[in-house]
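Novice:
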Amino acid sequence: MIQVPVVLGERTYQVLVGSGTRHSLSALLPVGARRAAVVTQEAVGVEVDPGIENRRFVIGPGEAAKTLSTVEDLCRGFAQWGLTRADVVVSVGGGVVTDVAGFAAASYHRGLSVVHVATTLLAQVDAAIGGKTGVNLPEGKNLVGAFWQPAAVICDTEVLASLPAREWASGLGEMAKYSFLGEPGLEELALDERIARCVALKAEVVAADEREDGRRALLNYGHTLAHALEAVGLRPDRAWDLRHGEAVATGLAFAALLAERLGRIGADRVGDHLRVLGAYGLAAELPAGARVGDLVEVMARDKKATAGLTFVLDGRAGLEVVAGVPTAQVEQILVAMGAEP
Ligand code: GLY
Numbered sequence: 003m004i005q006v007p008v009v010l011g012e013r014t015y016q017v018l019v020g021s022g023t024r025h026s027l028s029a030l031l032p033v034g035a036r037r038a039a040v041v042t043q044e045a046v047g048v049e050v051d052p053g054i055e056n057r058r059f060v061i062g063p064g065e066a067a068k069t070l071s072t073v074e075d076l077c078r079g080f081a082q083w084g085l086t087r088a089d090v091v092v093s094v095g096g097g098v099v100t101d102v103a104g105f106a107a108a109s110y111h112r113g114l115s116v117v118h119v120a121t122t123l124l125a126q127v128d129a130a131i132g133g134k135t136g137v138n139l140p141e142g143k144n145l146v147g148a149f150w151q152p153a154a155v156i157c158d159t160e161v162l163a164s165l166p167a168r169e170w171a172s173g174l175g176e177m178a179k180y181s182f183l184g185e186p187g188l189e190e191l192a193l194d195e196r197i198a199r200c201v202a203l204k205a206e207v208v209a210a211d212e213r214e215d216g217r218r219a220l221l222n223y224g225h226t227l228a229h230a231l232e233a234v235g236l237r238p239d240r241a242w243d244l245r246h247g248e249a250v251a252t253g254l255a256f257a258a259l260l261a262e263r264l265g266r267i268g269a270d271r272v273g274d275h276l277r278v279l280g281a282y283g284l285a286a287e288l289p290a291g292a293r294v295g296d297l298v299e300v301m302a303r304d305k306k307a308t309a310g311l312t313f314v315l316d317g318r319a320g321l322e323v324v325a326g327v328p329t330a331q332v333e334q335i336l337v338a339m340g341a342e343p
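Counting the sequence shown from 1 gives a position; this note's numbering is that position plus 2.
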């Protein structure tokens, strides 16, 4: 078992990584917690034992459950059960569950403790760590939420054995970004060690910039195009099936090509990106039918884009946020990657 601290003063917490770590849940609950509301999805299929009185709250399937109405249902269920601030929420699942349960915990009674038991690779290396919680609106993803740090996070690698192939690919796409955030050679490590390194890197960034006033934005490497692909993919006339991390993998390849086009990196560094993506078996391709205009329009509305098209890009000094990227350069790279003009 590997223990990684997220150092945030009196809100410091531990992330446990390793096979069977879910059995340590009861020891990680806040001292004095009397009852645990266990929030999960049916498909997760992972049982936990909080060691105190508990009740299971099952939210709907998939990303569709990431709504304000799910949070309302949860909070009403907590209220009907009589949950108080002295109790705890335990999320058991992937990023949808940790985001929704975390936001319900942040909001109910103006905040009670939450412990995340992350059951997907993507949640273990990203979603469950660092306190971002929230839900989607019809107008966009993650538009309502709160920073709410958990009391502890469990990354049980034993439960990953039953992860469907597409979920693996999604987690690997998110993991690939860490190779360019200061963890070269990551892909060669054993899984537990690799997850722990990703957690440690994210923990260090979050400890330095909890509310994303600066460096934390670098964790969104590859995400500007990824979010656009996900948003456009929800439109009925596009409707491609792309997991978040698969979209991030494509976003990483795009970001490398764009950085090269802007003279920030050389072909060798683009090659490093493609090698890491290849080592993880990630195709990193645009979905058939992706159109340049749709993608550029959504990227122009990105939260970071306050001064023209804005991306996290690699460069000689490492990753940085680059604003005012010329639209024509972006369009050329998208066309080169197979988008329809
Ligand atoms: N997923 C990026 C972050 O937590 O900041």
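For every residue, glycine included, the Cβ atom is placed at its ideal position computed from N, Cα and C.
Take Ala171 and list the residues in its own chain whose beta-carbon comes closer than 6 angstroms to its own, dropping the five residues that flank it on each side.
Specialist: So the qualifying residues of the chain are Glu248.
Novice: What span of residues does the alpha helix (DSSP H) with Leu336 cover, start to end?
Specialist: Thr329 to Ala338
Novice: Which stretch, first to last residue, makes up the beta strand (DSSP E) that contains Ile4?
Specialist: Element bounds for Ile4: Ile4 to Val8.
Novice: Beta-carbon of Gly104 versus every beta-carbon of chain B: anything under 8 angstroms?
Specialist: Protein chains in the displayed structure number just one, and chain B is not present.
Novice: Output yes or no for whether 8 angstroms exceeds the beta carbon distance between Ser115 and Val90.
Specialist: yes
Novice: For the ligand GLY, is there any heavy atom lying closer than 7 angstroms to the beta carbon of Asp345?
Specialist: There is no way to answer for residue 345, as the model of the chain reaches only from 3 to 343.
Novice: Val46 and Val102 - do their beta-carbons sit closer together than 8 angstroms?
Specialist: no
Novice: Where does the unbroken beta strand (DSSP E) through Ala120 begin, and where does it stop?
Specialist: Ser115 to Ala120
Novice: With distances taken Cα to Cα, identify the nearest neighbour of Leu221 among Leu315, Met3 and Gly283.
Specialist: Leu315
Novice: How far does the alpha helix (DSSP H) with Ser257 in it reach, from first residue to last?
Specialist: First, the residue type needs correcting, since residue 257 is Ala and not Ser in the sequence shown. That run of the alpha helix (DSSP H) goes His246 to Arg263.
Novice: So is Ile156 buried or exposed if we call it buried at 16+ other beta carbons inside 10 Å?
Specialist: buried
Novice: Please indicate yes or no: does the CB of Arg293 lie closer than 7 angstroms to some heavy atom of the ligand GLY?
Specialist: no
Novice: When DSSP labels each residue in this structure, what does Arg58 get in the three-state scheme?
Specialist: strand
Novice: Determine the DSSP secondary structure at Glu195, reduced to helix, strand or coil.
Specialist: helix
Novice: Starting from the C-beta of Asp194, find all residues in its chain whose C-beta is less than 8 angstroms away, skip the five residues before and the five after it, and write them out in chain order.
Specialist: Counting only residues of its own chain and dropping the five nearest sequence neighbours on each side, Asp194 has a CB closer than 8 angstroms to the CB of Ile4, Val19, Gly20, Ser21 and Thr159.
Novice: Applying the criterion that 16 or more other CB atoms from any shown protein chain within 10 Å of the CB defines a buried residue, is Arg196 buried or exposed?
Specialist: buried
Novice: Closest to Leu236 by C-alpha separation, out of Ala281, Gln126, Val300 and Phe313, would be which residue?
Specialist: Val300
Novice: Between Ala242 and Glu287, what straight-line distance do the alpha-carbon atoms span, to the nearest angstrom?
Specialist: In the sequence under discussion, the amino acid at residue 242 is Trp, which differs from the Ala named in the question. Straight-line Cα distance between these residues: approximately 12 angstroms.
Novice: Answer yes or no: the CB of Glu214 versus the heavy atoms of the ligand GLY, is any distance below 7 angstroms?
Specialist: yes
Novice: Looking at Tyr15: is its Cβ nearer than 8 angstroms to the Cβ of Ala153?
Specialist: Yes, they are a contact pair.
Novice: Taking Ala257 as the reference, which of Ala198, Asp296 and Gln331 has the closest Cα?
Specialist: Gln331
Novice: Can you name the residues that DSSP bridges to Lys134?
Specialist: Phe149
Novice: Based on DSSP bridge pairs, tell me the residues matched to Gln43.
Specialist: Ile61
Novice: Which residue or residues does DSSP assign as beta-bridge partners of Ser93?
Specialist: Val41 and His118
Novice: Count the other CB atoms within 10 Å of the CB of His25; is the residue buried (16 or more) or exposed (fewer)?
Specialist: exposed
Novice: Tell me whether Asp270 counts as near the ligand GLY, meaning its Cβ is closer than 7 angstroms to at least one heavy atom of that ligand.
Specialist: no
Novice: Given Glu169, which residues of its chain have a CB within under 6 angstroms of its CB, disregarding the five upstream and five downstream residues?
Specialist: Excluding positions up to five away in sequence, the list reads Thr122.
Novice: Evaluate Ala198 with the Cβ neighbour count: other Cβ atoms within 10 Å of its Cβ, from every protein chain shown; 16 or more gives buried, anything less gives exposed.
Specialist: buried
Novice: Rounded to whole angstroms, what's the CA-CA distance from Gly147 to Lys134? Just pull it up for me.
Specialist: Between Gly147 and Lys134, the C-alpha separation is close to 7 angstroms.
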